[in-house]
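Have a look at the structure below before the remarks.
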Amino acid sequence: MGENILVVDDDKLLLQTIKNLLEKEKYSVTAVDNSNKALELIKQNFYPLIILDVRMPDMDGMELLKRIRDIQENSHTSTIIVITGYADENVPIKAIKYGASDYIMKPFDITEFLYSVNKNMRIARLEMEKIKYIGEIANKNKELERALEELRKTKEKLEEYNCSLEQKVEERAKELNELQVQLFQSAKMAAIGQLGAGVAHELNNPLGGILGYAQFILEKFKKKDFKEEDIRACQKYIETIEKEAIRCKKIVENLLRFSRRPITFKKESANINNVVEDTISLIHHQLKIKNINVITNLQPNLPKVPLVINQIQQVLTNLILNAQQAMPNGGELKISTSKLLNSEKTPSNYIKIEVTDTGVGIPEENLPKIFDPFFTTKDKEKGTGLGLSIAYQIIQEHRGNIEVKSKVGEGSTFTILIPVEEE
Amino acid sequence: MVNENVNILIVDDEETIRNMFVDILQDRNYKVDTAINGQEAVEKIIEKAYDIAFLDVHMPIINGLETLKIIKKIAPRIKVIIMDSFPDSLTQEAEKEGALASIHKPFEIKTMLEIIDKALGINKEDIRENV
Ligand SMILES: Nc1ncnc2c1ncn2[C@@H]1O[C@H](COP(=O)(O)OP(=O)(O)OP(=O)(O)O)[C@@H](O)[C@H]1O
Ligand SMILES: [Mg+2]
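Protein chains in written order, with this note's numbering: chain W, 3 to 425; chain L, 159 to 289.
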């Protein structure tokens, strides 16, 4: 069956005739003979096409048109054809003004009538399509809004999550940082433990001289025949005392600087050669008694670099102690500094520090592991395996690089690069 | 025995320590020689008869303990005093190996002289026994 057409006419004969006509054209037809019934039906059903007589006893056709429009508003508008018997030309104009799309004058010819119905049905269909589309668009719109809403909620959640994530990351970073500080500290303490005996020798030798000479001078003062030459001798002894006391002071200062727990890892512009020399002075004696010949080759007038001095000292101490442990029967430890000018490979200027030993060397299979935390080939008492991993981190924090070259039986070279300028 | 006849060898790689011994002991008329390591010490001991040797334990090339063992072989009569910064396994082993005593740096002149007297005292007894 075709589309539903509502026909409204008080002329029952005409109503029946129209109904038959349209049904023959395969439309399904609802026919009513009064305006009120028509309005009832329109309220309940949608008719794409309505054909109505303008002159009916219960209600003026124009009034009916208006009410239909009121019921249907804009969303669901039926296409309306009015049938008019008036000779008055104003009626069709008025009807169209009230929302009718076409009019048919009575008496009408069937062909003309059907032509109008079909034409208006096409319009009605288009209208229906339009309505369908509008509905679909409205639905789509709703879906879209829903999707947008979802999106907004997701975004909110994401932001929330992000926020807590950031917080978590921050918390973790803080924890890690604390852990790292502890780790640095414990590795440093271990290094100091290893240094301990060496430092005692380092201090007790000059102290031995100081104590001996101080008592010797006192003895001389107590002698009755204090001679000119005694004064000269005493002056020499006092000079020795001064020299050795200064040496003690330096050792203690170094040790303090090294063992002090840094509150902030603050960088200061420093001369790397001084850092190297201070570090060696702490370990020199220990190296000497282990038959390790220390050769330094420090290039003068190097540019200053931003350093956390006691961290770099820690790195150097670890490298030197590693070298010492790699040369149990003695050997040669070479420490050199130089400047590396920028090239394609290295975008900025670098300070280069090289620590070379003639020790046992590192087997190839261990090379990728030596910077890992807790990797050690030493006894529990000797090594924690933290030295190089911490050295690596410290150098990273200086935007630098640490590398190793080694050959078993020949020795190892550790190379540190630290950029001269900090961006 | 008068101090002039007492030959003392100081073996230490620290210049200040060597000088200090020389200044203090020469002032008391002891005959003092020095060596900067175990190897030099052994060479000197071969050339000259020393009564007393002060040996630092921690020295390059041949450490104090190794030097002590050699001295005990080539000149067992020398009284050897081991010097160290604190008592550690090397000092203990040195005493087992026949060192007379050990002293810890920094030490007082009094300690230095007492230990020399002790070494000489034992030395005198030895001489009497041998007669
Ligand atoms: N100069 C070197 N020569 C030979 N092997 C080395 C040298 N430096 C490091 N290594 C090897 O790398 C390992 C890791 O070194 P690292 O300094 O990280 O730890 P460690 O020295 O074993 O212990 P710690 O430094 O905590 O006392 C060492 O155990 C050793 O096997
Ligand atoms: Mg190490």
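A virtual CB, placed ideally from N, CA and C, is assigned to each residue, including glycine.
I need the DSSP call for residue i, collapsed to helix, strand or coil.
i	result
Phe212(L)	strand
Gly63(W)	helix
Asn206(W)	helix
Glu405(W)	strand
Phe416(W)	strand
His456(W)	The question about residue 456(W) has no answer, for chain W in this structure spans 3 to 425.
Ala97(W)	helix
Lys282(L)	With a pLDDT of 46 at Lys282(L), under the threshold of 50, the predicted position of this residue should be treated as unreliable, though the coordinate-derived value follows. Lys282(L): helix per DSSP, three-state reduction.
Val119(W)	helix
Arg71(W)	helix
Thr192(L)	strand
Ala239(W)	Sequence inspection shows Tyr at residue 239(W); the Ala mentioned does not correspond to that position. Residue state, collapsed to three classes: helix.
Val56(W)	coil
Ser340(W)	strand
Met329(W)	coil
Asp242(L)	strand
Leu304(W)	coil
Lys176(W)	helix
His78(W)	coil
Thr358(W)	strand
Leu41(W)	helix
Thr298(W)	strand
Val180(L)	helix
Val171(W)	helix
Asp227(W)	coil
Could you give the distance in angstroms between the alpha-carbon of residue i and the alpha-carbon of residue j?
i	j	result
Tyr29(W)	Arg148(W)	40 angstroms
Ala40(W)	Met64(W)	14 angstroms
Ile112(W)	Ala33(W)	18 angstroms
Pro109(W)	Lys134(W)	36 angstroms
Glu405(W)	Asn303(W)	24 angstroms
Met58(W)	Ile136(W)	35 angstroms
Ser408(W)	Asp359(W)	9 angstroms
Glu201(L)	Asn331(W)	23 angstroms
Ile273(L)	Val169(L)	16 angstroms
Asn320(W)	Ile219(W)	41 angstroms
Asp12(W)	Lys142(W)	43 angstroms
Lys263(L)	Glu246(W)	14 angstroms
Asn120(W)	Arg69(W)	25 angstroms
Gly363(W)	Gln326(W)	12 angstroms
Tyr163(W)	Gln169(W)	9 angstroms
Gln315(W)	Asn275(W)	11 angstroms
Met1(W)	Asn38(W)	The requested residue 1(W) is not part of the displayed model; chain W covers only 3 to 425.
Val171(W)	Glu177(W)	10 angstroms
Leu372(W)	Leu419(W)	Before going on, a small fix: residue 372(W) reads as Ile here, not Leu. Taking the straight line joining both Cα atoms gives about 18 angstroms.
Arg176(L)	Thr339(W)	34 angstroms
Glu172(L)	Leu213(L)	11 angstroms
His78(W)	Glu161(W)	44 angstroms
Val93(W)	Lys144(W)	42 angstroms
Leu213(W)	Ile203(L)	28 angstroms
Glu399(W)	Ala272(W)	16 angstroms
Glu5(W)	Pro50(W)	7 angstroms
Cys236(W)	Ile166(L)	23 angstroms
Mind checking residue i: buried by the 16 CB within 10 Å criterion, or exposed?
i	result
Gln46(W)	exposed
Val160(L)	exposed
Arg286(L)	Residue placement at Arg286(L) is poorly supported in this model, since its pLDDT is 46, which falls under 50; the coordinates still yield a value, given next. It counts as exposed.
Thr298(W)	exposed
Leu153(W)	exposed
Phe179(L)	buried
Gly279(L)	exposed
Gly411(W)	exposed
Ser166(W)	exposed
Glu425(W)	Confidence at Glu425(W) is low in this model, with a pLDDT of 45, below 50, so the placement of that residue should be treated as unreliable; the coordinate-derived value is given next. Glu425(W) comes out exposed.
Glu42(W)	exposed
Ser414(W)	buried
Lys26(W)	exposed
Pro421(W)	buried
Asn122(W)	buried
Asp60(W)	exposed
Leu17(W)	buried
Val254(W)	exposed
Report back the beta-carbon spacing between residue i and residue j to the nearest angstrom; my notes put them in contact at under 8 angstroms.
i	j	result
Val278(W)	Leu323(W)	That pair is no contact at about 15 angstroms.
Leu54(W)	Val31(W)	Contact doesn't hold; Cβ gap of about 13 angstroms is too wide.
Gly387(W)	Pro375(W)	7 angstroms
Ile261(L)	Ile239(L)	6 angstroms
Ala445(W)	Ile73(W)	Given that chain W is displayed from residue 3 to residue 425, the structure contains no residue 445(W) and the question cannot be resolved.
Counting only Cβ pairs nearer than 7 angstroms, list the residues of chain A close to residue i.
i	result
Ser260(L)	Protein chains W and L are contained in the structure displayed, whereas chain A is not.
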